[in-house]
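Those protein sequence lines, which keep their order, are chains A and B. Count along the first sequence from 1, add 69, and you get the number used in this note's numbering. Count along the second sequence from 1, add 14, and you get the number used in this note's numbering. The structure appears right after this line, and notes come after that.
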Amino acid sequence: MNRRSFIGTMGSMALGSMFFRDGLLGSPGVVQPLHHKPKAKRVIQLFMAGATSHVDTFDYKPLLGQRDGESWDPGEAVELFQSRPGATFASPWNFNPYGQSGKMLSDIVAPLGEVVDDMSFIHNLVGKTGVHSQATLLQTTGFNFAGFPSAGSWVSYALGSENDDLPTFVVLPDHRGFASNGAKNWGTGFLPAQHQGTLIRPGNPTPITDLHPPKSSFITPESDQAGLNLLNRLNSIHAAEREGDNRLSARVRAYELAGAMQLSASDALDVSQEPQYIQDMYGLAPEGPGVNDSVLNTKAETEFFGRKCLVARRLLERGVRFVQIWSGNDNGFPRRNWDSHENLKRDHEPLALGMAHGTAALIKDLKQRGMLEDTIILWTTEFGRMPCSQGSAGRDHNPFVFTNWISGGGFKPGTYGESDEWGYKPQDRSNYTSVYDIHATILHQLGIDHEKLTVRNNSIDRRLTDVHGHLLSDMI
Amino acid sequence: MGPSLFSSLFLFILVMIAATIAASAAPDFESEIAPIFEANCLSCHNSADAEGDFVLQTRAEAFDHPDAIQPGEASQSYLIDQITGLDPAMPEGDDPLSEEEVDLIFEWINGGAPWPEERVLRDDPPRDLDWWSLKPVQKTNLPGNRTDNPLDAFVDQKLKEHDLEPVGEAEPRTLIRRLSYDLTGLPPVPEEVERFVDGYGSAKSERSRDEIWKAFIDRYLDSPEFGEKWAQHWLDLARFAETHGYDKDKLRPNAWPYRDYVIRSFNEDKPYGRFVQEQVAGDVLFPGDPDGIIGLGFLAAGPWDHVGHYEVGEDKLDGRIAKHHDRDEMVSAVFNVFQSTTVQCAQCHHHKFDPIKMEDYYRLHAVFSAVDRSDRMYEGLTPEQTVERNQLLTRINRLKRETYNINADVERELTARVSGIKRRIREIKETYGTGNNPRLGFRSDVKSKADSDTWVQVDLGKSTSVTQIFLIPAFDGKSEKGYGFPLRYRVEASDDPAFEQNVRLLMDASQEDQLNPGTETVAVDVGPPAIQYIRVTATRLKEESTGHLIALGELQAVDSFAEKNFAHNTTVTSSASLEEGERWNPENLVDDVFYRGDFDQGVFEELRALEAERDRITAEVRSPDIEARRKEVTAELKVLEEQLKSYQSKSLVYAANANWPSVGRFFATDGKPRPIHLLNRGDLESPGEEMSPGALPLWDGAPETFFESADWQEGEARAELARYLTRQDNPLLWRTMANRLVQWTLGKPLVGSPNDFGRAGMEPSHPELLDFLAIRLRDDPQQSVMSLVRLLVSSDTYRRSSQHDSNNAAIDSNNQYWWRADRRRLTAEEFRDSLLTVSGVLKLEERGGPSFYDFVIEKPQHSPHYEYHLHDPNDPNSHRRTVYRFVVRSQPQPMLTTLDCADPSISVAVRDESTSALQALTQWNHALVEAMAKRFGERLSNEALPSTEAVVNRATSLALGRPANSDELQLLGQHYETYGAASLARVVFNLNDFTYLD
């Protein structure tokens, strides 16, 4: 039974409110019609947990090389998160121009050089604090404390599903663990529960929790199917005897959808269906997810990130609206994230090369399939890192300026907004970009006015963009 | 020059005269104009909102708009346009200004619009208390002629008003199941169901039926399961969890006593006012009573940012932001939960809907300005000992702070002065292969015999003209030179990677043992023709402490002037198993990092100079005075900390606290309030005036500030707040709880927004009933929650059937007026508890104490990972009621979350009830369901029931509280016969009838 016939059988019941309560997959969004004609339909958020150094990747600062080792003086008092300001610290990597635009990229993100003319850079993003947990939440939910819906949940809530058998909002976490705040980064807050991000772990023996029965002494494929058939009958009878309660028939339907999801999710995750050249393009390792990563290394990082990018593309093709991809887990030791306080070179290099390889493949692949034009790829992180050194080989947090970039979805390629000559603060301090502006513009491209997408909670009409947000109209 | 100077002067005087005249004519800004603007304009025209791009906050901003205010020309001023006319544009959405007010503004502009530069206006709306929830609670007589149950009296009145005909009473089986779940959270046992159905169904009179009903109510209320079920309602509100949340999400091993306190309080039927007071200021109001301290677990129950408080600290802005969030979290919890007031909305501006000003909100911050959250002793010390301990702690904390400051100063100066030097030292050591962990070179594994041929080979990538090959021995600058350099070896080249053909011998040192070259480079002449592969084969290995092996520091292949090294960053392979790591790695053979000490003396001189400079600066910064003071402090601390050991107790609760031994950058206040300022736009970098403790003047007679003097005690401020909350004339507190009690018994509240009785919230469906119940709670000498629960569930309203009725539904489809009962889904906890109960594994008697884990913790030292999928669902330690589980904040329990359990990051007044495919997957496939189905199947099998019919009936009796119907007998029976009892059990756990209560 597809959704249309389902609606048909439910006859004249109050459909709007029913779907509202149901929280079933396949439910339409609340923004109907859209506020304006959309340019994009779906979003991938790439999140670099731990905070990527902008001055070592996308935001080239020759001054750091010229003043390397000299004491760093930006001309004002500097308060750092962990340390006291050390000397000016040149990037350990070379920068070279790429593409028609001649955009300077560092060697550790050089694989993105091939697609750099499809990317829009924002180098004057400003954060609120230098604390990982708060900064992560700010990027994922628009608030720097817990309790608010993730951007993916808002999009799911607003636009609803494009498919019947997969969740609208999927999260591909770092397989080594969650970033700070864990599941709060894809939680629904006060939105209905079905808008929470569904965790999928590509390469894991059980990529989706409870998708299939656990190992069992009594569950067989036959008993499983017979049980579902039986439930369908008994629960339908139960629902029919209790008129006027949509929840009961919705629950019958939920079990049917669960069955459909078992099939389509397994199919979406099966990357072996991809031709070899595609697997190679994403950098999948011959030994697969079991690749040796006892020491942080480029090969393993490429496999991990590339596999997630490839799975993301397959999910998008099947109608998933919003995919979050994480690189880096929480702040444990040894480091498995971007929080390079101690040794920038050791940690950033493999993580960045792995990320850049998979991301470049994703952009190319979406483009060749005609999907880049209506898919928004947002690359983000908590904040940037300082132009000065921490210890002798690391960098401390810099919430005062950092970089985001966007590709696809009707965003115009180029560079918008600059940081100052140190990469310490925005070039124009009274004119910078905030996460609210990014969120507002992404919603805009999806056909949503960020000021109109509201839900009342505790007396406040809550928005993804709080009370802020300006469209970045130059970029679209 | 003369005339010009004269004319300027003349002009100046003229202007001065004009200004003086104007100013004298204008109304006084401070007393007449500012109040009009502040009351009517600033809520939108402030610097933050800047609506219409017009800001009236400061003179500069107001005059920044080119036309708004034209001094001396009121009629030309856009501002006057906006506030006059038949239907004035401003104030938008509000009553127009009075004629008198408009006149004043007109004259003020004509008088030159004087506005002192330093005067900043602020939104200052009048307090509008005209709202239902802020009016005194009203006594109402019972309507109609029903006196047996006041709830029924009020509900019947509304039903009549709306032409609704209530449906009849539910079946006895439905009733007992409903009552059991609502009061205990557990299914009734089959014997109990039968006993009730027999008695209630066959009762001779309505009166005896009522008595049977009330007897069951009392039985459930008297059972310890009541508190376990009802505590969950409160813990949802109290945002209770046992980890901090945020980054690292560390454990709170001593949070559980608060959970037990809530359970105990419901079971003991603690007077509600006392329950409230204990949770805000129990330590001050009830000294010596452990519950007075444990109750303070409420204030501490929410999320806490370990990094912000512990690692960053208050001397940085990020740390102060963390403290601000912390107080906001406490203030919001108190007012959302006890008062249904959304006070947190007044953080950046006055409340948009309710009469709450920013000043009110920041006065509440002052109340909590000296408390943080940490483990606190709740028994074991006398009050005198507690005082002594706190005094000792104050001394200890002062010394800890001094140590911290000394270290911070030293570190600041050292970093500024030596970090560049240190980096250069590290660079030199890395490049010259002498660092702590240098990239030494290539090393083979250990061979048992010296004479095992072992080769290492470099692929130059393409055919290359090489003049010479350099073999550089491995050396770390400290231990033995020429480590692992072979005794006998050959150097060969080939264009065949397998070295099977075209092998060219370049050097043969294999005929006799060679002298170890130490740190000298061994040069091998090559010359034409071009080569691609270079192989060094050891024919006799050197013996090192671990055994025979070959090691090489670097291999270079250079052109004629040794300017270019073709081997740099090429590929290295070997016949030996390779070591891969930081020091030894095949890549290190061609990485251009090797020991150069013996031929690059200049660099080593630089290194020594840098090290000397570093040591000199360090000694200078760590002066003898500073070191002496540090030693002194350390010694004193040691003595005091020894004394502190005599004041220990193991009874700890994670609670609001001002006295504990400071740790990291988390410094106790020792009871000294932190200064609290009103924050303009909620911004810590824009502080306004300093605030003293107080609360919200939301009703006549409510105090605004607590103390006359600036010298007030931390505990007293909280005690004042507790007294304020529990005042008889507080219209909110009693209504708030009455509303919740209706929600927790009848399934929905009278006011649909239980945490918000403000203008953005909802209005009561039955206002008189709400006030009746509120007064009953307040004026009851016991302030008994149980007695109200008893009243509510003994009503006819509670006992109605949940059957649909189309006539009633046409009038009231949401059943707002209770013409029927609301069918409800089991909560997440009830579902889990039911699985355990029906399977017969629930350890009901294991009550209280530390929580059980239904996860495995990995990496607990730094950021614990809570791995639910690694937990064994058959672990008997976890077969306790769900209320005793360890609640993790950042990684919530997946099964319970999917089933809509509360998010402990925020106060949850009403849980969501969703239906999704993910829920179906959870209920059908979760490991716990599988395990419990198996146990339930075993239980059924062990009972040796005589027939399939008996098995099915027993299964439904246990799980659904009734015998099976004919469909079930047939279909479940067939399934049982084909697939067995466990599979039957799995199906039963997924029935609608198991999940929903009629």
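Glycine residues also receive a C-beta, built at the ideal position from the N, C-alpha and C atoms.
- Residue 888(B) is positioned such that its CB atom lies no closer than 9 Å to that of residue 281(A).
- Around residue 640(B), no beta-carbon contact reaches into chain A at under 9 Å, the shortest distance being about 17 Å.
- Excluding its 5 nearest sequence neighbours in each direction, residue 581(B) has C-beta neighbours in its own chain below 7 Å: 472, 474, 569, 570, 571, 604, listed in chain order.
- Taking 8 Å as the upper bound for CB-CB distance, residue 374(B) and residue 360(B) are in contact here, some 6 Å apart.
- DSSP places residue 671(B) in the uninterrupted beta strand (DSSP E) bounded by 666-671.
- For residue 202(A), the chain B residues whose Cβ falls inside 7 Å of its Cβ are 260, 261, 319, 321, in order along the chain.
- Across the structure, residue 647(B) and residue 155(A) are spaced so that their CA atoms are roughly 29 Å apart.
- Within a 10 Å sphere around the beta-carbon of residue 298(B) sit 16 or more other beta-carbons, which makes this residue buried.
- For residue 267(A), the residues of chain B that pass the 7 Å Cβ criterion are 932, in the order they occur in the chain.
- Residue pairing by DSSP places residue 504(B) opposite 522(B), 551(B) in a beta bridge.
- Nearest in C-alpha terms to residue 459(B), of all of 595(B), 608(B), 912(B), 903(B), is 595(B).
- Among the residues facing chain B, residue 331(A) is included, as its CB has a counterpart in that chain under 9 Å away.
- The straight-line gap separating the alpha-carbon atoms of residue 347(A) and residue 354(A) is approximately 12 Å.
- When 179(A), 200(A), 153(A), 432(A) are compared, the shortest CA-CA separation from residue 453(A) is found for 200(A).
- Take the alpha-carbon of residue 240(A) and the one of residue 352(A): they are about 21 Å apart.
- Under the DSSP assignment, residue 871(B) falls in the beta strand (DSSP E) whose first and last residues are 870-872.
- Among the residues facing chain B, residue 313(A) is included, as its CB has a counterpart in that chain under 9 Å away.
- The contact set of residue 118(B) on chain A, defined by CB atoms closer than 9 Å, is empty, because the minimum CB distance reaches about 32 Å.
- About 17 Å separates the Cβ atoms of residue 845(B) and residue 866(B), ruling out a contact at the 8 Å cut-off.
- Listed along chain B, the residues sitting closer than 7 Å to residue 214(A) by beta-carbon distance are 339.
- Here the alpha carbon of residue 710(B) sits roughly 24 Å from the alpha carbon of residue 153(B).
- Among the residues of the region 267-289 of chain A, those with a Cβ less than 9 Å away from any Cβ of chain B are 267, 268, 275, 277, 278, 279, 280, 281, 282, 283, 284, 285, 286, 287, 288, 289, in the order of the chain.
- Close to residue 938(B), with beta-carbon spacing below 9 Å, are these residues of chain A in chain order: 279, 282, 293, 296, 297, 300, 324, 327.
- Distance from the CA of residue 451(A) to the CA of residue 397(A), rounded to the nearest whole angstrom, comes to 12 Å.
- Within a 10 Å sphere around the beta-carbon of residue 430(A) sit 16 or more other beta-carbons, which makes this residue buried.
- By the 16-neighbour rule on beta-carbons within 10 angstroms, residue 457(B) is buried.
- For residue 90(B), the secondary structure class from DSSP, reduced to helix, strand or coil, is helix.
- Closer than 7 Å at the C-beta level to chain B, one finds no residue of the region 411-439 of chain A.
- With contacts defined by Cβ atoms closer than 9 Å, residue 60(B) and residue 105(B) do not form a contacting pair.
- Contact check for residue 170(A) against residue 482(A) passes: the beta carbons are separated by less than 9 Å.
- Put simply, the CB of residue 241(B) is far from chain A, with every gap to its CB atoms at 9 Å or more.
- The Cβ atoms of residue 902(B) and residue 393(B) do not sit closer than 9 Å to each other.
- Within the region 486-505 of chain A, contact with chain B at the beta-carbon level (separation under 7 Å) is assigned to no residue.
- Distance from the CA atom of residue 805(B) to the CA atom of residue 249(B), rounded to whole angstroms, is 24 Å.
- According to the DSSP assignment, residue 470(B) belongs to the beta strand (DSSP E) that extends over 468-478.
- Assignment of residue 359(B) by DSSP, reduced to helix, strand and coil, places it in the helix class.
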